[in-house]
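Notes to accompany the following structure.
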Amino acid sequence: MKIKVATWNVNSIRARLPNVVAWLKEAQPDVVLLQELKCVDENFPRMEIEDLGYNVATHGQKTYNGVAILSKSPLEDIETRLPGGDSDDHARYMEATVFGKLRVASIYLPNGNPLGTEKFTYKLAWMDRLKAHMERGLADGEMRLYGGDYNVILKDDDVYSAKAFAEDALMQPESRARFRALLNLGLTDAFRAFNSLPHQYSYWDYQAGAWQKDHGLLIDFLLLSPQAADALTNAGIDKGPRGKEKASDHTPVWCELEV
DNA sequence: ATGCCAGGTAACACCTGA
C-alpha cells in the first residue's frame, strides 16, 4: 500500500482551520505532522479533522508551540516527550506508530534566536537530545520518519540570501553541524532524494513581500530511516497553501512510501 | 540599524516567531 505523509507548521491550528481542512481534502495525505498549534489540547478542533476521516493525537500548549499527528489509521504507542531536559516544558515533540508499521515523529525544533542568549543554547541542547533519541530509535531497524520544522538552514542555497541570515540562529555552524549529525545517523532527506535544485523553500516570512519575491527558507524536512527510505517513491513541497488567503508562513512538505 | 506581518493574550501594548 501507498502512504502519503506530510509535515506542516500551521502557525495556529485555530486560525488556520479552513486552510488545513481545504488542503486535507485536496491533497489527501494519509498521515500529517502538524507544528505550532498554539493551543491546548481541549481547544484543538478535533471534530472538524475527525470528520475528514483522520484519527487525531495532540500535544498542545497555551499560546506557543504544540504538535499533533493526524492519521487515517489508528495511532498507537503515542509518546509526547523528548527524553532529557527534565525542566523542558515546551510541547515540541511527539511520536506514534501509524498503519501498524511506520513510526512517525512530529518535531518543532526551537528557533534559537537571538544568538548569545539562553534561547540559542536551548536550541543546541535540544538538538543534542534529539540526536540521542533518534540514535536509540533507529537501533530497532523499523521504518521511521522524523518530520517537522527543524529551524535549520543547512546550506547557503537553502535561503534567498545567506548574507541576510549570517547572524541568525538557523544558519550558525553549530546548528548546521547538529543537523548534519542527524543526517549522518543514516537518515534520508525525502525531498532532497528527488530534488537537488537550489532555492527550494518551505517557509516565506509574512513581512516585506517575501512570498511575492520568493524570499524563502528551506527548514521543514521529512527524515527517513534506511528502512523507510527504501520504501520512498516520491516527495515534494506543495506551495499551494502558502499562496492562499490567511496562509501559514510555512507550506506542507510531503512524501510517499510504498510499504 | 530597525521595522515590515501575523497570532495569541490580555487589554486597547507586548511577546514570539525565523
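If you want the numbering used here, it's the position in the first sequence, counting the first as 1, plus 1. Using N, Cα and C, we set each Cβ at its ideal position, and we do this for glycine too.
Item	Value
Secondary structure of W1, DSSP reduced to three states	Outside the displayed span of the chain (2 to 260) sits residue 1, for which this structure offers no information.
Cutoff 6 Å; reference L25; Cβ partners in own chain excluding five residues on either side	L53
F222 versus N112: straight-line alpha-carbon distance, rounded	15 Å
Closest Cα partner of P75 within the set V41, M144, T98	T98
Coarse secondary structure for K247, derived from DSSP in three states	coil
Secondary structure of K124, DSSP reduced to three states	helix
Buried/exposed call for Y207, threshold 16 Cβ in 10 Å	exposed
With 16 other Cβ atoms within 10 Å as the buried cut-off, status of T252	buried
G297 (DSSP reduced to helix, strand or coil)	Given a span of 2 to 260 for the chain in the structure shown, any question on residue 297 remains unanswerable.
Status (buried if at least 16 other CB within 10 Å, exposed otherwise) for S88	exposed
Closest Cα partner of R145 within the set N10, V32, K240	V32
9 Å Cβ cutoff met for L38 and N66	yes
Buried or exposed (CB count within 10 angstroms, at least 16 for buried), R15	exposed
CB contact flag (G187, L139, <9 Å)	yes
Secondary structure of Q36, DSSP reduced to three states	strand
Counterpart residues of V153 in DSSP-defined beta bridges	Answer by DSSP bridge pairing: none, since V153 is not bridged.
Straight-line Cα distance separating L18 from A248	10 Å
Distance between E259 and I119 (C-alpha atoms, nearest Å)	The sequence shown places Glu at residue 119, not Ile. E119 and E259: Cα-Cα distance of roughly 42 Å.
Contacting residues, own chain, Cβ-Cβ under 7 Å from K73 (five flanking each side not counted)	D31, G54, Y55
CA-to-CA distance, W212 to Q228, given in whole angstroms	36 Å
Where the beta strand (DSSP E) containing W9 begins and where it ends	3-10
Cutoff 8 Å; reference R181; Cβ partners in own chain excluding five residues on either side	L155
Entirely enclosed alpha helix (DSSP H) segments - the segment 203-235, minimum 4 residues	227-230
L71 versus Y204: straight-line alpha-carbon distance, rounded	21 Å
Given 8 Å, three or more beta-carbon pairs between the segment 100-112 and the segment 191-199	no
Beta-carbon spacing of L131, T189 below 9 Å	no
CA-to-CA distance, A236 to V254, given in whole angstroms	8 Å
L233 to F192 span [Cα, whole Å]	10 Å
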